Amino acid sequence: MDEYDEMFEIEDNFEEQFADELDALAQLENESSKPTKRQRRNSNNDASYIDYQQVSDQQITPTAKRHKQDTGVVKRLFNSVQCDDITPPSSPEYYEPSHTVRSSSAPALNISGFETIPESPRRPAAVAMQSHALRRPPLEGDYVTVTDSSGCRVYLRQKDTEAEEVKNCRMVPNPQGSLGLLAVPIDVLRDQEAERRHQQLVEQTQHLRELLASSVNDVLVEPEIREEEEKEEEGDLGDSEGQSYRLWVDRFSPRHYTELLSDDFTNRCLLKWLKLWDTVVFGKEKVSRPARPDRQARVQTSFKPNQANQNQANQNPNRFKSKMEMTEEILEAELDMYKRPKFKVALLSGPPGLGKTTLAHVIAKHAGYNVVEINGSDDRSAEVFQKRIDTATQMKSVLGAGERPNCLIIDEIDGAPAAAINILLTTLNRKDGHSGEAAAESAKKKKKKESILLRPIICICNDLYVPALRPLRQQAFLLTFPQTQPSRLAQRLAEISLRHGMKADTGTLMLLCEKTDNDIRSCINTLQFLFGRGHKQLNTRIIQCMSVGQKDQNKGLFHLWQEIFQLPRTKRKRVGERFEEVPGSGGSNPRFQHILDLASSSGEYEKVSQGLYDNYLSMRVRDPNLQSVCDALDWMVFSDQLNQVIMHGQNFTLMKYLPFLSVAYHFLFAHPHVPRISYPHSHLEATTHLQSCRNAVSTMLSDIPASIRTRISNLNLTLDILTLLLDIICPKLRPVNPQLFSRREKEQMCELIDTMLAYNLSYRQDRTPEGQYTYLLEPRVEEVVRFSGLPPRRQLTYQAKQTISREMEQEKMRRAEQLLSQRNPAVKEAAKTSAATKPSRNHHQRLENIVKQTTVEPRQAVDFFGRPVAPKQTTAASSSDTGQKCAVLAMGKAVGNSDVWFRFNEGMSNAVRRNVYIRELL
Amino acid sequence: MSLWVDKYRPTSLGKLDYHQEQASQLKNLVQCGDFPHLLVYGPSGAGKKTRIMCLLRELYGAGVEKLRIEHQTIVAPSKKKIEINTIASNYHLEVNPSDAGYQDRVVIQELIKTMAQSQQIQASTQREFKVVLLTEVDRLTKDAQHALRRTMEKYMATCRLVLCSTSTSKVIGPIRSRCLAVRVPLPSTEEVCNVLTSVCKKEGLLLPPELAKRISDKSGRNLRKALLMCEACRVQQYPFSADQDVTEPDWEVFLRETANYIVSQQTPQRLLEVRGRLYELLTHCIPADIIMKGLVRELLNNCDGHLKPEVAHMAAYYEHRLQLGNKAIYHLEAFTAKFMAVYKKFMEDGLDGMMF
């Protein structure tokens with residue numbers, strides 16, 4: 001440990017020396033140019049530098065005395081750096097040295113939000129280390145990109161370029177004269193050397209990563225514990241009972257970026273997104289300046305944070321290339337005209353207990369914001385929401401807290417109503433006419449109403465796919481939380497339990513993590529609960545027997561099905577084991593218990609069993625005798641019976657037996673492979689189809705006359721009658737006009753129509769999508785009786801159907817008339833007489849005949865308007881028919897010598913007609 | 001009234017084509033004046049309904065044939081409205097209570113109550129009771145049947161019940177004991193042939209006896225089906241030939257194919273295909289018990305004599321479960337899978353036996 005202390009002291013000296021400059025650094029959190037600078041300016045820090053070099057490039061032989069014993073330490077440190085510090089843009093490691101001044105005076109550091117774990121002695125080494133091998137391209141200077149076999153990309157700074165070396169030599173009183181040798185620019189040599197160095201690096205990295213993975217990393221734990229202890233001591237001195245009422249979750253919640261347990265990549269993405277706001281929120285620079293390539297932007301002259309910011313913004317995207325493409329692209333996007341990032345809102349989503357809220361708070365503080373939190377499910381009304389958003393984004397606290405800008409965090413936004421979300425969206429999309437510079441000013445001016453959004457907003461939700469969030473999803477920078485790594489969580493739990501004197505081994509804690517599904521909050525609460533119950537010694541049994549701490553959450557149905565059909569990976573041996581030997585509550589058969597728990601917590605037994613039924617046959621289980629299929633179906637039958645009893649008799653106590661179906665299926669069909677599960681549609685489809693068939697039949701039945709209706713029931717209609725009936729109504733008809741049918745055929749036709757009417761069938765003309773006309777049987781009973789895959793029945797032709805349809809219409813009319821006349825004979829008589837007096841035939845209504853009648857009448861001919869018409873001869877049309885000729889002649893007399901005449905058709909347009917002869921056209 | 005089935009349906013007990021002895025008994029029953037509750041049962045297509053209508057005509061005269069359809073709305077105690085269609089004449093009311101689903105109890109109670117509470121107007125010239133004809137009694141729920149039990153006694157003075165069902169096994173004992181059970185068996189093949197020939201003669205057609213025989217075989221002596229098949233044959237081809245095709249209902253063909261599927265291969269994949277086919281049958285409104293029955297019949301035809309008792313036992317077992325359960329497809333598939341397993345084992349054992 002003494003080397004730690006030594007280094008720490010060195011560090012402190014350094015901090016004291018450069019305190020003021022580093023303060024400036026702290027404000028703007030600019031780290032980009034630091035490493036080189038530090039090298040240049042910092043003689044004290046050389047020790048760590050040497051350490052690093054000793055590890056990474058051995059031909060630079062440092063003369064520091066203790067480098068030999070340091071090697072191991074540095075390796076470990078190096079490991080930690082490699083594994084969990086893929087340093088974010090302004091991650092605390094970078095500027096950590098700058099703040100250790102503050103951190104030495106402990107109280108100040110908490111407020112600032114910038115400080116990291118100050119005591120951690122590994123930091124300097126880490127910093128120095130990073131000056132050579134980086135996870136992202138260095139901000140300045142040339143670098144070599146090297147990708148190792150595992151796909152990790154490392155950027156090696158070519159810091160031994162001539163210029164830099166020379167500079168170093170010049171500016172720093174360099175104890176190693178040997179550095180000058182490297183200034184010889186032999187490219188080949190350099191490349192080889194870089195390559196070799198990299199390989200070494202990679203080897204070490206891998207070796208040490210393994211070490212870390214096995215969670216025997218004391219290096220990481222210790223400093224943090226120590227820190228906690230320090231803090232706790234203050235608290236413990238004050239009040240010992242204070243512990244009892246404070247939840248451990250709050251007490252041990254992370255205060256700094258480095259303490260976060262959530263996934264590094266997620267953390268960094270969020271931080272990076274937040275940093276994109278720096279330009280507009282903290283922006284003091286001239287934004288009009290074009291972004292220069294960072295190589296030219298040597299930060300030698302004066303320390304310009306803004307410029308560095310810009311560099312960072314330009315360069316950041318490159319750092320994630322090996323990770324997720326999507327996120328990278330989002331972060332790469334250009335700032336908009338107001339220098340805001342493209343996505344104004346970050347939307348964090350994930351199951352509860354992963355530390356989303358904590359992350360948002362810590363990062364916002366870290367990036368120098370004042371956190372304003374709105375709870376989306378509390379402030380539900382739109383007005384309140386609007387007010388709070390406006391307050392948070394457009395105002396600024398004047399008193400205290402160092403006048404930091406606000407960062408709005410909207411928690412549980414999935415509980416917010418759609419109206420509130422819409423308000424948020426309008427806030428996001430506000431535009432104003434100012435140019436970029438004016439916008440930056442307007443942030444300070446605080447325009448009244450229409451000011452654009454100039455503060456970052458972080459939204460947090462559990463369920464990303466709530467309908468209300470849909471519009472927001474498209475405009476937000478989406479970050480989905482992955483599971484917390486159990487090893488890290490267990491490590492943290494170990495710290496906590498150690499702090500309270502509980503003894504727990506890693507296995508037990510891992511079990512706890514597993515039990516709670518890596519829910520941090522739940523883990524810590526459980527731990528506190530156990531502590532409160534007086535358990536000082538934790539072991540596996542306690543955890544297993546404990547009923548609290550188990551997460552009672554609803555996993556998706558697909559997850560459940562997958563769990564049922566998939567064997568847990570570690571317990572592959574137990575496939576053959578049946579569950580007859582039912583375990584006690586202690587869980588002698590964890591698989592049994594696990595599936596039972598899952599199934600009973602899901603609650604949707606109907607859906608679950610449907611899914612099992614639809615999928616079990618496609619599982620890859622060797623079952624030559626169909627024994628397990630039979631068993632499975634017996635279970636299914638049992639559960640169906642059970643369901644019937646439950647539903648019929650409201651006997652809900654029996655419901656507790658329903659989840660056992662899932663367990664049975666698990667033991668019958670679980671397979672190590674990932675199952676392909678499809679959503680069960682079959683039952684729904686069947687029900688729908690059945691319903692449509694039933695509807696067709698009942699439509700048909702509803703209008704069948706009573707005398708026939710009494711003979712047929714629903715059942716025998718579908719079973720016996722319908723198929724044969726459909727055959728019977730498809731007789732062979734000669735494709736001729738029905739007038740030309742023989743007597744026999746006419747009878748047949750008559751019978752057919754009779755049958756169809758009796759059974760309420762008719763043809764309806766319909767147009768197919770291809771534009772052809774067809775006649776369809778109505779109601780659509782054909783669907784009911786016809787099965788796919790059978791040879792098609794004989795169909796009538798279109799013409800035949802048309803004929804039948806027409807005849808049916810006539811028959812219907814005839815019958816209706818008959819019925820009417822039967823009902824009231826008086827009307828019928830009247831109708832008859834009127835029919836006798838009036839010409840009812842269509843052709844009689846033509847003008848000739850009207851005219852004929854009028855001419856026959858003794859009274860004087862009148863024209864349409866009732867005026868007397870003088871009879872006058874016109875030229876008669878040549879007609880083959882003599883009868884027609886005389887009619888025409890008569891017409892000529894009646895209408896007059898004009899060959900234009902009018903006729904009024906009631907309800908139609910009064911068209912003008914003129915007789916045109918072919919000879920006139922010729 | 002143009003289908004032969006409807007056109008040539010006998011309307012009086014004297015004109016019935018077969019079971020004449022029973023007809024005369026029924027006639028006597030009507031004449032002796034003390035008309036009991038009746039439970040008429042027998043397979044589909046045997047002529048239950050025809051006999052009941054003849055009986056009613058015998059009771060009330062031709063006025064029974066003036067039928068009307070009434071749409072009735074009954075409010076259940078749970079304030080749920082149940083709509084049901086009834087067919088009624090002045091003397092009787094026909095209702096299929098199972099249309100109302102699980103609310104059939106309410107329907108029965110309400111309808112019978114209203115029917116029984118209205119007296120006949122001219123009791124001197126007519127019968128002093130009306131008749132309520134309940135069809136598909138075997139589909140009634142137990143609740144409804146128990147409700148019926150009390151109602152039958154209470155309104156005995158003004159109302160008689162005629163129950164019509166395909167089997168008595170689902171009618172509870174108390175009801176069976178309160179009724180005079182009349183079984184209407186299927187006509188024999190000769191009787192079916194006679195009916196077919198006489199109908200064809202009336203239509204002026206000549207039916208070859210071979211064809212008549214084949215039709216009656218194909219129809220399973222279901223006279224309704226036989227007549228429809230005969231008419232379909234007529235439509236298909238008039239001068240009948242003895243060996244012409246007799247159309248069968250599609251679902252029967254489909255069911256037979258399904259059974260062949262089961263026999264030809266026994267794998268989970270095949271089971272999946274069979275499931276699809278069973279679903280299709282179910283969605284075409286074919287009741288599950290009929291599917292089961294048809295399936296068993298076809299499978300029994302296909303399997304060895306040693307297996308038959310076992311298969312029949314299995315069928316009975318799963319049929320029972322089917323009645324108790326809700327989702328028919330599970331039970332049908334369970335039966336299929338069980339059959340597959342048994343059949344496969346039997347075949348493999350047979351193969352082993354042949355090898356040694």
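These protein sequence lines are chains A and B, in that order.
Residue numbers 1 to 922, in full-length UniProt numbering, belong to the letters of the first sequence in order.
Residue numbers 1 to 356, in full-length UniProt numbering, belong to the letters of the second sequence in order.
Here a beta-carbon is modelled for each residue, glycine too, at the ideal position from N, C-alpha and C.
The structure displayed is predicted, hence computed values, not measured ones.
With fewer than 16 neighbouring CB atoms inside 10 Å of its own CB, Arg734/A falls in the exposed class. Using a Cβ-Cβ distance cut-off of 8 Å, the stretch 35 to 55 of chain B and the stretch 221 to 231 of chain B are in contact, since at least three pairs of beta carbons, one from each stretch, lie closer than that value. In the structure shown, Ala346/A falls within a strand segment according to DSSP collapsed to helix, strand and coil. Out of Tyr665/A, Ile409/A, Arg764/A and Asp766/A, the CA that lies nearest to the CA of Trp635/A is found in Tyr665/A.
Setting aside the 5 residues that flank it on each side, Leu148/B is surrounded in the same chain by Ile108 and Ile175, each with a C-beta closer than 7 Å to its C-beta; the list follows chain order. Per DSSP, reduced to three states, the secondary structure at Thr141/B is coil, with no helix or strand assignment.
In this structure, Asp640/A sits near Asn326/B, with a CB-CB distance shorter than 8 Å. Within chain A, the C-beta atoms nearer than 9 Å to that of Asn326/B come from Asp640, Gln641, Asn643, Gln644, Met647 and His648, in chain order. Apart from sequence neighbours up to five positions away, the residues of its chain that approach Pro779/A with a beta-carbon distance below 7 Å are Ala696, Thr699 and Met700, ordered along the chain.
For Leu140/B against Leu161/B, the beta-carbon gap comes to about 12 Å, at or over 8 Å, which does not count as contact. Only Gln266, Pro268, Leu271 and Leu272 from the stretch 255 to 274 of chain B bring a Cβ to less than 7 Å from some Cβ of chain A. Counting of Cβ neighbours within 10 angstroms places Ala259/B among the buried residues, the total reaching 16 or more. In its chain, beyond the 5 residues on either side, Thr774 and Leu776 have a beta carbon closer than 6 Å to the beta carbon of Asp766/A. When CB distances to chain A are screened at a threshold of 7 Å, the residues of the stretch 303 to 328 of chain B falling below it are Arg321, Leu324, Gly325, Asn326 and Lys327, in chain order. At a cut-off of 3 residues, not a single continuous stretch assigned as beta strand (DSSP E) sits fully inside the stretch 730 to 764 of chain A. DSSP links Arg867/A through a beta bridge to no other residue.
When Cβ pairs closer than 8 Å are counted between the two stretches, the stretch 456 to 463 of chain A is seen to touch the stretch 338 to 349 of chain A, the count reaching three or more.
Pairing Leu324/B with Val608/A, the inter-Cα distance amounts to about 21 Å. Secondary structure in the stretch 262 to 339 of chain B: no beta strand (DSSP E) run of 3 residues or longer lies completely within the stretch.
A Cβ-Cβ separation of about 17 Å leaves Leu509/A out of contact with Gly355/A under the 8 Å criterion. Taking C-alpha positions only, Gln566/A is separated from Ser601/A by approximately 18 Å.
Listed along the chain, the chain A residues whose CB falls inside 7 Å of the CB of Ile87/B are Ala706, Arg709 and Thr710. Here Phe252/A is buried. Its C-beta has 16 or more other C-beta atoms within 10 Å. Interface residue (Cβ-Cβ distance to chain A less than 8 Å): Lys142/B is not classified as such. The way I'd put it, the stretch 808 to 816 of chain A doesn't touch the stretch 723 to 731 of chain A; fewer than three beta-carbon pairs between them come closer than 8 Å. At a cut-off of 8 Å between beta-carbon atoms, Tyr613/A makes contact with chain B.
The straight-line gap separating the alpha-carbon atoms of Gln206/A and His198/A is approximately 12 Å. Interface flag for Leu134/B against chain A is unset, since no Cβ pair is found closer than 8 Å. Listed as beta-bridge partners of Phe477/A by DSSP are Ala346/A. Rounded to whole angstroms, the gap between the alpha carbons of Val466/A and Asp411/A is 14 Å. The beta carbon of Phe741/A sits no closer than 8 Å to any beta carbon of chain B.
By the Cβ criterion, the stretch 255 to 269 of chain A is in contact with the stretch 470 to 486 of chain A, since at least three pairs of Cβ atoms, one from each stretch, lie closer than 8 Å.
Within the DSSP secondary-structure output, Tyr143/A pairs in a beta bridge with Arg157/A. Per DSSP, Cys230/B has no beta bridge partner at all. For Arg183/B, the closest Cβ of chain A is not nearer than 8 Å. Residue contact with chain B for Val663/A: absent (no Cβ-Cβ distance below 8 Å to any residue of chain B).
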